[in-house]
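Undergrad: Dropping a structure here in C-alpha cells format, bear with me for questions.
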Amino acid sequence: MDADVTDSAGPPSDPDRPAEDKPQDRSRDRSREESGRPEDEAPGGTTSEGPSPEGPAPEDGAPQDGPPQDDAPQEEGPAAPEADEAAAETGEGDSTEGGPAESGPKAGSESGPEAAAGADGVQTWADRPKAGIAAARKSHWLRWTALAASFLVLVAAGVGWWMYQKLDGNITTDTSAAAELKTYEKERPTPVVMDAQNILLIGSDSRAGDNRKYGRDDGGSQRSDTTILLHLAADRKSATAVSIPRDLMVEIPSCSTGDDKKSREQFTQFNTAFELGGTACTIRTVERMTGIRVDHHMVVDFNGFKDMVDAVDGVEICLKEPIDDKDAHLELPAGRQTLTGEEALGYVRARKSLGNGSDTERMERQQQFLGALVNKMQSNGVLLNPTRLYPVLDAATKSLTTDPGLDSLRDLYDLVRGMRDVPTEQVQFLTVPRQPYRNNPNRDELVEPDAGDLFKQLREDKPVAVVPADELEEAERDKESGQDGKPDDAGSESPTPTPTYSGSSAADDLCKQ
C-alpha cells in the first residue's frame, strides 16, 4: 500500500526533475504498460504524436475501457487541471476523435502561436527552412554581383588609364620653340582679349621617314605646306580659320637655325620661315604680320592627317570633273564620293591637275575639305562619343607636335570640348586678302586695308563674315555701280558693318556649289 501511495502521489521533490513532470503523466505511462499498447497508439487504434490522456471522457453510466484501476485512492483530481493546463501550453492535448479534445488542435498539426500564424499567411516553422535557403541564395548572389561589378570597374579604370597614357605619350612636345619664343618675349604682341585663343596649325611637308613616298627627300628638311591661324572666340560661339599662302611675301625676322646660327632678317615668301627656323620662326613671322598673339601651335604631318580621315570612316566630297594626278597619287571620277585617308591627302595636295594650278585654288580646296571633316565629326557625334573619339585622337596625337601648353591629352580634350558646341555655320574658313605680287606674279602680297581690317577684327575678338567668292564679287560690282538697293541719303548712321570676305563654312554642302 505504501508503494501504491508513493506511486500515486509521485516521488519526492527532485531538483533534477522538471517541474512539468506531473503525477498524472506517471499514472498514464503505467496504464499503457499494463495494457500492453504502444505508447503512440491510443485506444481504438488512433495514434498520437505525444503522450495522451486516458482516453475520451465517458458519458455518465458508460463502462470505461482500459485496464481496471487500483483500489488504492488516486489523487488525480487536483492534478488533472494542471495536466490539462500544461497540455494546453505545450500542445500535448488529446488527439482522439470526440470528447473535449475536439476543441484543441488536431493530431499531426503544428500547435501554438506559430500554427495559428501560418493559417493567417504568416511564416510558419515549416516555411522557415525555405526562407532561410532563399535568403542565403539571395545574399550569395548579391555578393557575387558586387564582386563582379567591382572587378569590371577596376578593369574599366585600368583600360581607361592605359588609353589615357597611350594617347598622352603619343604627343611630342616642342620645347625648343617655347625656349626661343621666351627669348623674344619683349617683341611679341600683347594679348587683347584674354579668353580668346589663337592657335597656329602647321601642316608639315617633310619628305622624311614614312612621308618619303610623297616626294623627294632633301635630307629631311621641313616645309610648311599649309599654315592656318585658328581663332576661337572668347564665348566659343565661333571659330575662324585663316589660311596664309605659302608664297605670300612677308618680312621674316632673324631666327635661330638648326646649326646654332641665326638667319638674317629678310623679305621673302612665307614658307621660308619654317624651313629656316622651324615653328618658332613661323610664329614670330605671323605675329609680326598680323599683330595677333599666338597662344599655341600644332604641327601635323601627312600621316596624321590621313589617319584622322580614316578614323571617321572617310569624308564626302563632290567633284565637278574627274581627277588624274600622278604627282598626288590620285585618280578619282567626277561626282559625289567618300574619300579615304590616302585619297584625301592626295586631294588636298593636288595642284597642277586641278583648276588653274594655282596655290590659291588648292587652299580653297583644303578649306572646303577641312569644313567637311569638321561637319562629319559633329554630325556623327564623334566629339561626344568617347568610343568614336578615341581613334581620332589616337590618329591625331601620333603625328602631332605641340607647345608645352597643349602637350597633354587633358589640354587637347579641353580644346575640343570648347569647340564641339560651335555651330557648323560659325566654323568659317578664309584666306588672307591677297593679290599677285607686283614684282613676281607667281608670288602673293597682302591687299590693304582689307588684310589689316581682318587682323584687327580677330585681334579684338570681333566677328567676321564669309560668303562664296562669286557672291562677294557680285556684291562688290553692285556697290561700285551704286545698285546696292539703298538710297544715297540713308539718314541716320548705321552701325559698322561686319567685314565680309571670300570663304566658306563647315555647313556648306560641296555638292550644291
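Counting in the numbering used here, the sequence shown runs from 11 upward without gaps.
Ideal placement from N, C-alpha and C gives every residue a C-beta, glycine not left out.
Quantities reported herein were computed from a predicted structural model and do not represent experimental measurements.
Going by CA-CA distance only, name the one from Ser-512, Leu-425 and Trp-151 that's closest to Leu-403.
TA: Ranking the options by Cα distance to Leu-403, first place goes to Leu-425.
Undergrad: Check whether the Cβ atoms of Leu-416 and Ile-181 sit closer than 9 Å, and answer yes or no.
TA: Yes.
Undergrad: What is the DSSP secondary structure of Arg-453, reduced to helix, strand or coil?
TA: It is a strand residue.
Undergrad: Taking the CB atoms as reference points, tell me whether Ser-212 and Thr-193 lie closer together than 9 Å.
TA: Checking the sequence, you will find Ile at residue 212 rather than Ser. No. Outside cutoff.
Undergrad: Based on the DSSP output, what are the partners of Arg-9 in its beta bridges?
TA: No information on residue 9 is available, as it lies outside the stretch 11 to 523 that the chain covers here.
Undergrad: Suppose contacts are defined by Cβ-Cβ distances below 9 Å. Is Ala-187 in contact with Asp-413 by that definition?
TA: Yes. Within cutoff.
Undergrad: May I ask you to report which of helix, strand or coil DSSP gives Pro-110?
TA: Note on Pro-110: pLDDT 42, under 50, position unreliable in the model; no value is reported.
Undergrad: Go ahead and pull the three-state DSSP assignment for Cys-521.
TA: Helix.
Undergrad: Can you tell me whether DSSP reads Glu-86 as helix, strand or coil?
TA: Note that Glu-86 scores a pLDDT of 45, beneath 50, so its modelled location is shaky and nothing firm can be said.
Undergrad: Are Leu-340 and Ala-360 close, meaning C-beta to C-beta below 9 Å?
TA: Taking 9 Å as the Cβ cut-off, Leu-340 and Ala-360 qualify as a contacting pair.
Undergrad: Any chance you could list the alpha helix (DSSP H) runs of at least 4 consecutive residues sitting entirely within the region 285-367, in chain order?
TA: As far as the region 285-367 is concerned, its whole alpha helix (DSSP H) runs of at least 4 residues are 312-321 and 351-359.
Undergrad: Can you give me the Cβ contacts of Arg-346 inside the same chain, cut-off strictly under 6 Å, excluding the 5 residues immediately before and after it?
TA: Within the same chain, Arg-346 has close Cβ partners Cys-328 and Cys-521.
Undergrad: Going by beta-carbon coordinates alone, are Asp-460 and Tyr-400 separated by less than 9 Å?
TA: No, these two residues do not count as a Cβ contact at 9 Å.
Undergrad: So, Leu-393 versus His-241, is the Cβ gap smaller than 9 Å?
TA: No, they are not a contact pair.
Undergrad: For the putative contact between Leu-456 and Pro-443, defined by C-beta atoms under 8 Å, what is the C-beta separation to the nearest angstrom?
TA: That pair is a contact at about 7 Å.
Undergrad: Nearest by alpha-carbon distance to Met-507: which of Ala-475, Asp-257 and Met-259 is it?
TA: Looking at the sequence provided, one finds Pro at residue 507 rather than Met. Ranking Ala-475, Asp-257 and Met-259 by Cα distance to Pro-507 puts Ala-475 first.
Undergrad: Under three-state DSSP, which class holds Glu-261?
TA: Strand, per DSSP.
Undergrad: Could you give the first and the last residue of the continuous beta strand (DSSP E) run that contains Ala-251?
TA: Counting along the chain, the beta strand (DSSP E) containing Ala-251 begins and ends at 249-253.
Undergrad: Our contact map puts Phe-439 next to Thr-300 with C-beta atoms below 8 Å; I'd like the distance itself, whole angstroms only.
TA: With 8 Å as the limit, Phe-439 and Thr-300 do not qualify as a contact, their Cβ atoms being about 17 Å apart.
Undergrad: Based on Cα-Cα distance, which residue from Pro-396, Ser-149, Asp-518 and Gln-279 lies nearest to Glu-261?
TA: Closest by alpha carbon: Gln-279.
Undergrad: Can you tell me which of the three DSSP states Tyr-400 falls into?
TA: Of the three classes helix, strand and coil, the one that applies to Tyr-400 here is helix, per DSSP.
Undergrad: Tell me, to the nearest whole angstrom, how far the beta carbon of Ala-382 is from that of Met-318; I am working on the premise that it is less than 8 Å.
TA: That pair is no contact at about 13 Å.
Undergrad: For my contact list, Asn-208 and Ile-333 are in at a C-beta cut-off of 8 Å; report their separation, rounded to the angstrom.
TA: Their Cβ separation, rounded to whole angstroms, is 34 Å, which puts Asn-208 and Ile-333 out of contact at 8 Å.
Undergrad: Asn-385: buried (16+ other C-beta within 10 angstroms of its C-beta) or exposed?
TA: By the neighbour-count rule (16 or more Cβ atoms within 10 Å), Asn-385 is buried.
Undergrad: Using the Cα positions of Asp-184 and Pro-201, report the straight-line distance between them to the nearest angstrom.
TA: Rounded to whole angstroms, Asp-184 to Pro-201 spans 22 Å at the Cα level.
Undergrad: Are there 16 or more other CB atoms within 10 angstroms of the CB of Asp-323, so buried, or fewer, so exposed?
TA: With fewer than 16 other Cβ atoms within 10 Å, it is exposed.
Undergrad: Name the residue from Arg-398, Asp-369, Leu-210 and Leu-355 whose alpha carbon lies nearest to the alpha carbon of Arg-453.
TA: Taking only the C-alpha atoms, the option nearest Arg-453 is Asp-369.
Undergrad: Alpha carbon to alpha carbon, how far is Pro-509 from Asp-463?
TA: Straight-line Cα distance between these residues: approximately 8 Å.
Undergrad: Let me know if Leu-177 comes out buried or exposed under the rule of 16 or more other beta-carbons within 10 Å of its beta-carbon.
TA: Counting Cβ neighbours within 10 Å, Leu-177 comes out buried, since at least 16 surround it.
Undergrad: What I want to know is whether the C-beta of Leu-258 ends up closer than 8 Å to one or more non-hydrogen atoms of the ligand MN.
TA: Looking at this structure, you won't find the ligand MN or any other ligand, since it has none at all.
Undergrad: From Arg-198 to Asp-320, what distance separates their C-alpha atoms?
TA: Looking at the two C-alpha atoms, the distance is approximately 38 Å.
Undergrad: Helix, strand or coil, according to DSSP, for Gly-101 in the structure here?
TA: Unreliable positioning characterises Gly-101 in this predicted model, as indicated by a pLDDT of 44, which lies under 50. The coordinate reading is nonetheless provided below. Coil.
Undergrad: So the beta strand (DSSP E) Val-474 belongs to, where does it begin and stop?
TA: First-last for Val-474: undefined, no H or E at that position.
Undergrad: With a Cβ-Cβ cutoff of 9 Å, do Tyr-357 and Ala-338 count as a contact?
TA: Result yes, Cβ atoms of Tyr-357 and Ala-338 sit closer than 9 Å.
Undergrad: Under 9 Å, do Thr-441 and Ser-515 count as touching if we go by C-beta distance?
TA: No, the Cβ-Cβ distance between Thr-441 and Ser-515 is not below 9 Å.
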